[in-house]
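Below is one structure; the comments refer to it alone.
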């Protein structure tokens with residue numbers, strides 16, 4: 009039995025968003041919270057039926073498959089595929105790389121600052137206002 013409208017995604021590369029299962033809010037560590045609200049998986053949709061969605065992992069030679077039951081699916085999103093041999097797509101890929109390098113540098117700087125703050129919190133429970141100001145300006 010097909011699910012109306014979802015058969016559009018069969019054969020396409022998609023991201024399937026699911027809710028986490030077996031999450032225990034009582035025992036979660038506040039230092040690692042918040043955990044992701046959704047999990048997501050990327051693959052080529054093989055089949056959609058009333059029970060769920062089956063995807064094939066697109067980035068391996070083994071053609072591994074994953075099945076998601078409808079009760080745990082939040083959404084599905086079709087992905088854009090960029091071809092490096094296409095000049096327009098290559099330009100977009102290059103722009104993504106530049107943006108990613110810049111964002112990664114900023115993220116690493118902020119991560120380093122957060123590590124220092126976490127270490128100092130063990131010694132002193134109060135936050136350093138100067139470090140917080142630097143982090144706010146970095147955004």
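Numbering (the numbering used here), first residue to last: 9 to 147. Virtual Cβ for every residue (Gly too), placed ideally from N, Cα, C.
Which residues DSSP lists as bridging residue i, in chain order
| i | result |
| --- | --- |
| residue 26 | 47, 81 |
| residue 126 | In the DSSP output, where bridge partners are listed per residue, residue 126 has none listed. |
| residue 55 | 62 |
Secondary structure of residue i, DSSP reduced to three states
| i | result |
| --- | --- |
| residue 61 | strand |
| residue 104 | helix |
| residue 88 | coil |
| residue 132 | coil |
| residue 12 | coil |
| residue 21 | strand |
Option nearest residue i by Cα separation, candidates the options
| i | options | result |
| --- | --- | --- |
| residue 67 | 127, 145, 51, 134 | 51 |
| residue 76 | 103, 57, 86, 93 | 57 |
| residue 20 | 85, 114, 107 | 85 |
| residue 49 | 136, 137, 83, 91 | 83 |
| residue 14 | 59, 46, 28 | 59 |
| residue 137 | 131, 130, 125 | 125 |
Residue span of the alpha helix (DSSP H) that contains residue i, given as start and end
| i | result |
| --- | --- |
| residue 139 | 137-146 |
Neighbour flag for residue i against chain C, beta carbons, 8 angstroms
| i | result |
| --- | --- |
| residue 94 | Looking at the structure shown, chain C is missing, and only one protein chain is on hand. |
* Counting pairs of Cβ atoms below 8 angstroms between the stretch 11-24 and the stretch 54-70, do you hit three or more? -> Touching, yes.
* Evaluate contact between the stretch 137-146 and the stretch 112-126, counting only Cβ atoms and requiring at least three cross-stretch pairs below 8 angstroms. => They touch, by the three-pair rule.
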